[in-house]
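One point on numbering: in this note's numbering, the residue at position 150 of the sequence shown is 150, and numbering is uninterrupted. Everything below concerns the one structure shown next.
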Amino acid sequence: MYADANSAGAYFEGYDDPGDGYVDEDEEEVPIAERELADDAEWKLIQKNTFTRWANEHLKTKGTSVDDIQFDFADGLRLIDLIESLSGQKFRHVNRKPSFRTQKLENVTMVLRFLEEQEGLRLVNIDSTDIVDCRTKLILGLIWTLILHYSITLPLWEGEDYNQGSTGPTPKQRLLSWLNSKLMERPVKNFTTDWNDGTAIGALVDACAPGLCPDWREWEPKQKLRNATEAMRAAEQWLEVPQLIHPEEMINPRVDEKAMMTYLSQFPSAKLKDGAPLRPRANPASVRAYGPGLEPKGNKVGMPARFTIDASSAGKGSVEVIVLNPKGQREPCDIVPNTDRPNTYSCAYVPTQAGEYRVIIKFATKEIMNSPFKVMVEGAADPSKVTASGPGIEPQGNQVGRRTFFNIFTAGAGEGVADCVILDPQGRQDVIKPNITRQSEDNYLVEYTPRMEGLHSVNVFFAGQQIPNSPFGVMVGPRKYDRG
């Protein structure tokens with residue numbers, strides 16, 4: 001026989017040890033004995049239900065099951081089936097029809113001896129009579145020992161550097177460490193209260209299969225049952241993680257730690273099934289917006305206020321920009337996707353009045369970080385005072401492939417910046433990109449090279465508005481080569 005367990009207080013070593021995670025951290029001031037007096041305590045029922053489901057998952061390979069682990073292991077037969085399924089070993093000399101107590105004891109004793117001598121488990125304060133006599137607490141202790149060994153300690157988990165030696169982490173530490181390696185955005189400190197609102201299990205499911213629960217960040221913590229149900233159903237259907245604990249049990253403030261560890265220990269070996277409904281994750285928090293058009297100072301009435309939106313790391317989603325003037329009225333904003341940088345956008349708006357503007361930027365219908373941007377716009381310039389001259393805006397004389405130029409003179413026009421947009425004969429504005437150099441305070445040099453014959457439209461702006469006589473019609477002819 002193994003250790004004497006006749007005393008009512010006998011239990012597996014460490015089974016009720018708070019350091020092993022049995023007692024919730026928030027409950028430590030409540031006497032353990034007081035809580036254990038009630039056989040129908042919530043945590044006890046959750047634990048028993050979870051352990052029963054865990055056993056039945058492993059008994060499926062044997063074509064059998066248990067209804068009540070307090071009584072159904074008493075003859076040793078289903079306990080033998082369970083250990084054979086877990087260990088891959090086959091027992092000999094089994095009493096297949098145990099009618100007498102001695103036959104039941106022989107079956108159970110054979111299992112306990114195998115666990116100690118072959119599997120290296122340390123069983124303390126339990127012997128075969130405890131199983132045959134249906135002592136619930138000790139049977140739960142045995143099942144917990146099996147869970148720790150076969151579901152948490154023994155398996156090798158991908159991406160983990162784990163040493164099973166005596167100096168390694170405890171099973172609880174190991175599992176918590178693995179979980180937090182997945183839960184970078186939603187770390188957990190325990191196996192109980194940190195899981196009550198359902199967002200942690202949603203984050204875990206999406207971390208194991210990105211796109212399976214992509215919206216967990218937007219879940220309302222008060223909708224805890226809905227959250228847990230959605231995540232656990234997805235895990236069961238597509239990751240083949242059975243619901244050893246049920247959603248209503250997970251969200252219970254009195255949820256049992258061992259039950260949660262049992263359920264969560266399935267995730268390190270979870271594999272995504274083919275055909276899973278993975279949805280791209282839109283993450284507005286990953287969108288960046290920057291540029292002078294979003295700065296608090298430096299923008300002026302009539303001048304293009306330009307900025308860039310970078311959504312390259314935010315998944316799939318649409319970009320929306322709302323520009324509100326000081327009166328709260330919406331003003332237009334151009335949003336042009338950049339062909340050279342996918343999922344980035346060049347944006348520009350032209351303020352029409354002085355005062356504080358608000359620029360609201362949304363991605364996938366949600367505002368990005370730092371939105372709305374508050375932009376103080378200063379007073380207007382006078383583009384009517386600006387002139388331009390030079391061969392680059394003459395109606396005739398320019399040739400394909402030959403660089404040309406003109407100057408913009410801004411003396412007396414006030415604060416503003418000169419700009420130029422050139423449309424080729426096909427109306428495209430991104431083919432010819434003029435080079436604009438500010439040579440002095442009121443003189444800009446504009447250089448460009450025509451790419452094709454035909455009528456070009458040279459648009460000259462100051463403070464975001466066309467200057468007098470702009471746009472200039474420029475007929476570009478074929479290139480003429482000098483004779484050597």
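Every residue, glycine too, gets a C-beta built ideally from N, C-alpha and C.
(Q) I'd like the ranges of any alpha helix (DSSP H) spanning at least 4 consecutive residues and lying wholly in the segment 321–406. (A) Listed in chain order, nothing qualifies, since the segment 321–406 has no complete alpha helix (DSSP H) run of 4 or more residues.
Q. Is the segment 472–483 touching the segment 429–448, taking contact as three or more C-beta pairs under 8 angstroms?
A. With a cut-off of 8 angstroms, the segment 429–448 and the segment 472–483 do not count as touching, because too few Cβ pairs lie within range.
**Q.** Arg-92 to Asn-252 span [Cα, whole Å]
**A.** Position 92 of the sequence shown holds residue 92. Position 252 of the sequence shown holds residue 252. Cα-Cα distance, rounded: 43 angstroms.
Q) When DSSP labels each residue in this structure, what does Glu-84 get in the three-state scheme? A) By 1-based counting over the sequence shown, the position of residue 84 is 84. Shown here, Glu-84 sits in a helix according to DSSP, grouped into three states.
Q: Say whether the segment 270–284 touches the segment 324–334, bearing in mind that this needs 3 or more beta-carbon pairs closer than 8 angstroms, one atom from each stretch.
A: No, the segment 270–284 does not touch the segment 324–334.
Q: For Ile-139, collect the residues of the same chain with a Cβ closer than 8 angstroms to its Cβ; drop the 5 residues on either side in sequence, then sort them by chain order.
A: In the sequence shown, the residue the question calls residue 139 occupies position 139. Around Ile-139: Ile-69, Gln-70, Phe-73, Asp-130 and Ile-131.
Q: Please confirm if the segment 192–202 is in contact with the segment 214–231, defined as three or more CB-CB distances below 8 angstroms between the two stretches.
A: Counting Cβ pairs under 8 angstroms, three or more are found: they touch.
Q | Range covered by the beta strand (DSSP E) that runs through Cys-420 | A | Stepping through the sequence shown from its first residue, residue 420 is reached at position 420. Note, Cys-420: beta strand (DSSP E), 418–423.
Q) Buried or exposed: which applies to Phe-191, given that a residue is buried once 16 or more other Cβ atoms fall within 10 Å of its Cβ? A) Mapped onto the sequence shown, residue 191 falls at position 191. Label assigned to Phe-191: buried.
Q: Grab the span of the beta strand (DSSP E) containing His-58 for me, first residue to last.
A: Your numbering for residue 58 matches position 58 in the sequence shown. Per DSSP, His-58 is not a residue of any beta strand (DSSP E); the alpha helix (DSSP H) it occupies stretches across 42–59.
Q. Sorted by chain position, which residues of the same chain lie with C-beta nearer than 8 angstroms to Leu-59's C-beta, five sequence neighbours on each side aside?
A. Stepping through the sequence shown from its first residue, residue 59 is reached at position 59. Hits under 8 angstroms: Ser-65, Val-66, Arg-78, Asp-81, Leu-82 and Ser-85.
**Q.** Nearest-angstrom Cα separation, counted from Lys-62 out to Lys-48
**A.** Along the sequence shown, one-based indexing puts residue 48 at 48. Along the sequence shown, one-based indexing puts residue 62 at 62. Taking the straight line from one Cα to the other gives about 21 angstroms.
Q: Check the DSSP bridge columns for Glu-447 and list the partner residues they point to.
A: To locate residue 447, count along the sequence shown from 1; it is residue 447. BP columns for Glu-447 point to Phe-405 and Asn-435.
Q | Span of the alpha helix (DSSP H), counted from its first residue to its last, around Leu-123 | A | Taking the sequence shown and counting its residues from 1, the one referred to as residue 123 is at position 123. Premise fails: Leu-123 is in no alpha helix (DSSP H) and is neither H nor E.
Q. Are the beta-carbon atoms of Ala-381 and Phe-307 separated by less than 8 angstroms?
A. Position 381 of the sequence shown, counting from 1, holds the residue named residue 381. Position 307 of the sequence shown, counting from 1, holds the residue named residue 307. No, they are not a contact pair.
Q: Compute the Euclidean distance between the alpha carbons of Ala-41 and Gln-118, then round it to the nearest angstrom.
A: Residue numbering aside, residue 41 sits at position 41 when the sequence shown is read from its first letter. Residue numbering aside, residue 118 sits at position 118 when the sequence shown is read from its first letter. Across the structure, Ala-41 and Gln-118 are spaced so that their CA atoms are roughly 36 angstroms apart.
Q. Per DSSP, which one or two residues make a beta bridge with Val-301?
A. Counting from one through the sequence shown, the residue named residue 301 turns up at place 301. BP columns for Val-301 are empty, so no partner.
**Q.** Identified DSSP bridge partners for Ile-309
**A.** Residue mapping note: residue 309 aligns to position 309 of the sequence shown, counting from 1. DSSP lists Ala-289 and Tyr-345 as partners of Ile-309.
(Q) According to DSSP, simplified to helix, strand and coil, what is Met-488? (A) In the structure as shown, the chain begins at 1 and stops at 484. Residue 488 is therefore absent and cannot be evaluated.
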